[in-house]
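Presented below is the structure to which this report refers.
Below you can see the structure in the form of structure tokens.
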């Protein structure tokens, strides 16, 4: 059997149902997006080749710089997810801890809900006039801002919801990673007199690095792709434009301003940025990820 | 309990913060609009008013949109499982021409946000005459790169001996897959099913773009347009949002253990 290099027709029976939709709904649209990024669309949808015009325009467009900065800030804030999730997962994984299932359910509940649905509640909680968050801050004499309509603040407000939505997922992934660490290591360390903090730094953290890497890559890619949450929390008004992220910028040029050629150029740049960041992370992982 | 008192305090406190938006949401659906927008805000409904729930059914075809969401979720999940199992198995175990480049293509797809291909995808769906139909909503999302990758990893982890024994008994690759490998892949498939159901239930942007009649909208889109039109009717908006989430939350509570095992599994790969 191992002498044959190919398995004949069978692989193609398995692969065809994937390859046909993959070609029609991924590869072909990707190539067309690349092509459109070198074109300009008239109001009536006529497509004209304009070479690198869109890309040159992008470089000097302050909206692009704004979107890039906002995306970076948003992604950095959402990264706080990772240490919080590691800490909570470590607490939940303590041997003999009761109520573990309840805690998991409490933290996981936001993960199963719909962003568009929870955005409705969060918009009310954030309300500058009758929102509970400002009422709570008021108890301590703090005058809360208009969370969703103050530039700079609104991005933080949306990022907090982003953390709230994905924290439970990351806790579960880290719990699984923690379960994979042999308990003998801790027992041996305890006999040697290592403090809990020392055990965490010398055993837990190094052995958790593969999981940390997985979650960091996912969080980073997710942060760079954020759209739904911005869209449903901030709507499409002028404040949303000021807090726009890269994918929102793409959406707004392509669908609100109907400038489809320019929008596809933005899309290509986003794809390139994500590829670059992912490649960078895979390069850097050699320095800090330990595979057992 | 006393041994881990500190841990319990942190976990319980944090957990209550996590669910507090839902608690407030449930309470506020029974308030009047005036009570919700009163300053300072109140937490307990003064008169338990069910009008918000009735208003949802009067203002949007809620049941029809719920049905749409269920149809879309079921179609997407079943098709995703079939395609990812087939592709994952082929990539894990079979030898064929251009396997390496094809797998690289799947990995590329993993990195490209689907949102960015919206414009040409829309044109394709339009040229097929699929706008405003289930086919238009479901088919473009059928190839799930993450799912193919996950199932490949799963099949790679299964022992080869069983397959080889079945092959020696004269089974063809199709029979080996169906009778031997697929039953073994059940944990991986259920993990993928859970992730697909969750994503599909709440997916917003693509259906928002391809659907334009209220009767074809899934709940996610219905909810988005509902809040656009009735933006100041807080109780009914909250009630609609709550009812849209309820089925999936109940599903989670019933299948909690499997969901958590499934996600833990997908993270380990």
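Chains as they are written, first to last, in full-length UniProt numbering: chain Y, 1 to 292; chain D, 1 to 269. For each residue, glycine too, the CB sits at the ideal point set by N, CA and C.
Between residue 27 of chain D and residue 16 of chain D, the C-beta gap is not smaller than 8 Å, which leaves the two residues out of contact. Using a Cβ-Cβ cut-off of 8 Å, residue 4 of chain D counts as an interface residue toward chain Y, since at least one Cβ of chain Y sits closer than that to its own. Note that the C-beta distance between residue 104 of chain D and residue 173 of chain Y is not below 8 Å.
A direct Cα-to-Cα measurement between residue 164 of chain D and residue 86 of chain D gives close to 18 Å.
Contact of residue 18 of chain D with chain Y by beta-carbon distance below 8 Å involves 106, 107, 109, 110, 164, 167 and 168.
Residue 93 of chain Y sits buried, since 16 or more C-beta atoms from the chains shown fall within 10 Å of its C-beta. Residue contact check for residue 77 of chain Y against chain D: no CB pair falls below 8 Å. As a beta-bridge residue in DSSP terms, residue 49 of chain Y pairs with Y:39. The beta carbon of residue 201 of chain D sits closer than 8 Å to some beta carbon of chain Y.
With respect to chain D, the C-beta atom of residue 252 of chain Y has no partner C-beta closer than 8 Å. Listed in chain order, the non-local C-beta contacts of residue 184 of chain D below 7 Å within the same chain comprise 158, local neighbours out to five positions each way being set aside. For residue 60 of chain Y, the closest alpha carbon among the candidates Y:244, Y:225, Y:262 and Y:185 is that of Y:262.
Chain-ordered, the chain D residues with CB closer than 7 Å to the CB of residue 6 of chain Y read 95, 96 and 97.
Around the beta carbon of residue 260 of chain Y, a 10 Å sphere encloses 16 or more other beta carbons of the protein chains shown; the residue is thus reported as buried. Below 8 Å, too few C-beta pairs join the segment 96-106 of chain Y and the segment 203-212 of chain D to call them touching: fewer than three. Taking the Cβ atoms as the reference, residue 34 of chain Y lies roughly 45 Å from residue 181 of chain Y, outside the contact range of under 8 Å. When only Cα atoms are considered, residue 118 of chain Y and residue 241 of chain D end up about 7 Å apart.
Chain order gives the chain D residues near residue 122 of chain Y as 21, where near means a beta carbon separation below 7 Å.
When Cβ pairs closer than 8 Å are counted between the two stretches, the segment 248-256 of chain Y is seen not to touch the segment 9-25 of chain Y, the count staying below three. Within the segment 223-251 of chain D, the residues whose Cβ lies closer than 7 Å to any Cβ of chain Y are, in chain order, 223, 224, 227, 234, 237, 238, 241, 244, 245, 248 and 249. Chain-ordered listing is empty here: chain D has no CB closer than 8 Å to the CB of residue 55 of chain Y, the nearest sitting near 15 Å. Residue-level contact by beta carbon holds for residue 90 of chain D and chain Y, with a gap shorter than 8 Å. Among the CB atoms of chain D, none fall inside 8 Å of the CB of residue 141 of chain Y. The Cβ neighbour count for residue 200 of chain D, taken over all protein chains shown within 10 Å, is at least 16; the residue is labelled buried. Under the DSSP assignment, residue 120 of chain Y falls in the alpha helix (DSSP H) whose first and last residues are 115-125. Across the segment 234-267 of chain Y, CB contacts with chain D closer than 9 Å involve 235, 247, 250, 251, 254, 255, 260, 263, 264, 266 and 267, in sequence order along the chain. Sixteen is the threshold: since fewer than 16 other Cβ atoms of the shown chains lie within 10 Å of the Cβ of residue 179 of chain Y, the residue is exposed.
Counting along the chain, the unbroken alpha helix (DSSP H) around residue 198 of chain D starts and ends at 186-202.
In the three-state scheme derived from DSSP, where H, G and I count as helix and E and B as strand, residue 194 of chain Y is classed as coil. Around the Cβ of residue 195 of chain Y, a 10 Å sphere holds fewer than 16 other Cβ atoms; the residue is exposed.
Of the candidates D:37, D:5, D:179 and D:131, the residue whose Cα lies closest to the Cα of residue 233 of chain D is D:37.
Within chain Y, the residues placing a beta-carbon under 7 Å from that of residue 198 of chain D are 112, ordered along the chain.
Chain order gives the chain D residues near residue 94 of chain Y as 4 and 7, where near means a beta carbon separation below 8 Å. As summarised for the segment 49-105 of chain Y, the continuous alpha helix (DSSP H) elements at least 4 residues long and confined to that stretch are 53-59, 62-78 and 81-92, given in chain order.
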